[in-house]
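Okay, structure first, notes after.
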Amino acid sequence: MKVVWHRELLRFIGDRPRLIAGVAQPVLYLFVMGTGLSAMVPVTSGVPFRTFLFPGVLCMAVLFTCFFSAGSLVSDREGGFMREMLVAPVRRSAILFGKCLGGTTVGTFQGMVMLVIGAIAGVPMSLELVVTVILELLVICFAITAFGVALAARVRTIQGFMALLQVALFPMFFASGALYPLSGLPAWLVALTRLDPLTYAVAPLRHAVLDASGQAALAPMVTWGGFVVPIWLDLVIVAACALVALAVALPRFSRDDA
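When you read off a place in the sequence shown, starting at 1, and then add 1162, the result is the number in our numbering.
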């Protein structure tokens, strides 16, 4: 497990285009979209639009980073490295957890970079916010990587994984409320957002960011009918989704599948 985790870190550090691309797109959303839409909608849910947008952009940054980390499973299979790991005297679950921990580490690091960029953009920051967000990111990044691994375990080529990424990732992101409030939506979209696991990842991040600016009471919470989902339950749902993804991925981790 440690070897797989360490390999993911080395791969991430050595891939400069991936480092740059992982930050560039969220930064464009934050500065370009945040600035442009702020002129039309200066306040959203009672808070400055850029502050409201930042948690969604933060989630975008870790989402792509963790998914690409999970996608390395496909390139490992194509290059023969996965076969070497699977014939080694090591549990398949250890390989799987090592891959997920690697994605969690690089995703959390990317999130920390985005916190610095958010501070530069004028998003209110505090030590409590940084600690809270990092702890939440550990859970969120693990779940996203586990989901990515579950998808990667079912495809043979990197092209197939990228196609799945397009089909699964973008709808999940745009249906999560990362870029818009969850209130006042059509009934069909409300149902879709509540079924989207990423919705429960964005909500804790947004609550933490708005709490740092003294506006936690204005944070749009996920609701089930009249029930307001507490933050701890959001994170429990995210963790449960991670366990389901691992349970789906593990049977695919067979020596024959390599």
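We treat Cβ as the ideally placed atom computed from N, Cα and C, and that holds for glycine.
By Cβ distance below 7 Å, which residues in the same chain neighbour residue i in space, the five residues on each side in sequence not counted?
i	result
Leu1258	Val1311, Leu1408, Ala1411, Leu1412, Phe1415
Leu1326	Leu1313, Val1317
Gly1218	Ala1340, Leu1341, Val1364
Cys1303	Val1224, Cys1228, Gly1265, Thr1266, Gly1269, Thr1270
Phe1230	Arg1180
Phe1335	Met1222, Leu1225, Leu1360
Going by the beta-carbon positions, is the gap between residue i and residue j smaller than 9 Å?
i	j	result
Met1274	Val1292	yes
Val1472	Gly1346	Residue numbering for the chain in the displayed model covers 1163 to 1420; residue 1472 lies beyond these limits and cannot be assessed.
Arg1169	Gly1264	yes
Met1222	Pro1188	yes
Ala1283	Leu1192	yes
Glu1298	Leu1215	no
Ala1337	Leu1372	no
Arg1194	Gln1272	Residue identity check: residue 1194 is Val in the sequence provided, not Arg. Taking 9 Å as the Cβ cut-off, Val1194 and Gln1272 do not qualify as a contacting pair.
Val1301	Ala1381	no
Thr1266	Ile1296	no
Ala1374	Met1247	no
Ala1370	Thr1294	yes
Leu1220	Gly1176	no
For residue i, does the count of other Cβ atoms within 10 angstroms reach 16, so buried, or fall short, so exposed?
i	result
Ala1404	buried
Thr1307	buried
Leu1397	buried
Val1209	buried
Thr1227	buried
Leu1172	exposed
Gly1184	buried
Ala1305	buried
Within its chain, find whatever has a CB closer than 6 Å to the CB of residue i; leave out the 5 residues flanking it on each side and keep chain order.
i	result
Phe1452	Residue 1452 falls outside the range modelled here, since the chain spans only 1163 to 1420, and no answer is possible.
Ile1399	Tyr1362
Phe1309	Ala1407
Leu1181	none
Trp1167	Gly1260, Leu1263, Gly1264
Thr1390	Going by the sequence as given, residue 1390 is Val instead of Thr. Here the set comprises Met1383.
Val1285	Thr1213, Phe1216
Leu1395	none
Ile1393	Pro1366, His1369
Gln1377	Val1209
Residues in its own chain within less than 8 Å of residue i by CB, not counting five upstream and five downstream?
i	result
Lys1164	Gly1260
Phe1323	Gly1233, Val1236, Leu1313, Ala1314, Val1317
Asp1238	Met1244, Met1247
Verify the contact flag: residue i, CB atom, against every heavy atom of the ligand GDP, threshold strictly below 8 Å.
i	result
Val1329	In terms of ligand content, the structure shown is empty, and the ligand GDP therefore cannot be addressed.
Requested in this report: Indicate whether the contact test is met: 3 or more Cβ pairs, each with one atom in the segment 1340-1357 and one in the segment 1251-1271, closer than 8 Å.
Outcome: No, they do not touch.
Query raised in the report: Enumerated in chain order, which unbroken segments of the beta strand (DSSP E) with a length of 3 residues or greater are wholly contained in the segment 1275-1304?
Result: Fully enclosed beta strand (DSSP E) runs of 3 or longer: not present.
Query raised in the report: Are there three or more Cβ pairs, one per stretch, closer than 8 Å when the segment 1326-1336 is compared with the segment 1380-1390?
Result: No, they do not touch.
Requested in this report: Give, in chain order, every unbroken run of the beta strand (DSSP E) that is at least 3 residues long and sits entirely within the segment 1170-1197.
Outcome: You should have found no qualifying run.
**Report entry** Complete runs of the alpha helix (DSSP H) confined to the segment 1358-1409 [at least 4 residues]
**Finding:** List check, alpha helix (DSSP H) in window: 1361-1374.
Query raised in the report: In the segment 1214-1257, which residue ranges form an unbroken alpha helix (DSSP H) of at least 4 residues, counting only runs that do not cross its ends?
Result: Counting only runs of at least 4 residues, the segment 1214-1257 fully encloses the following alpha helix (DSSP H) elements, listed from N- to C-terminal order: 1243-1249.
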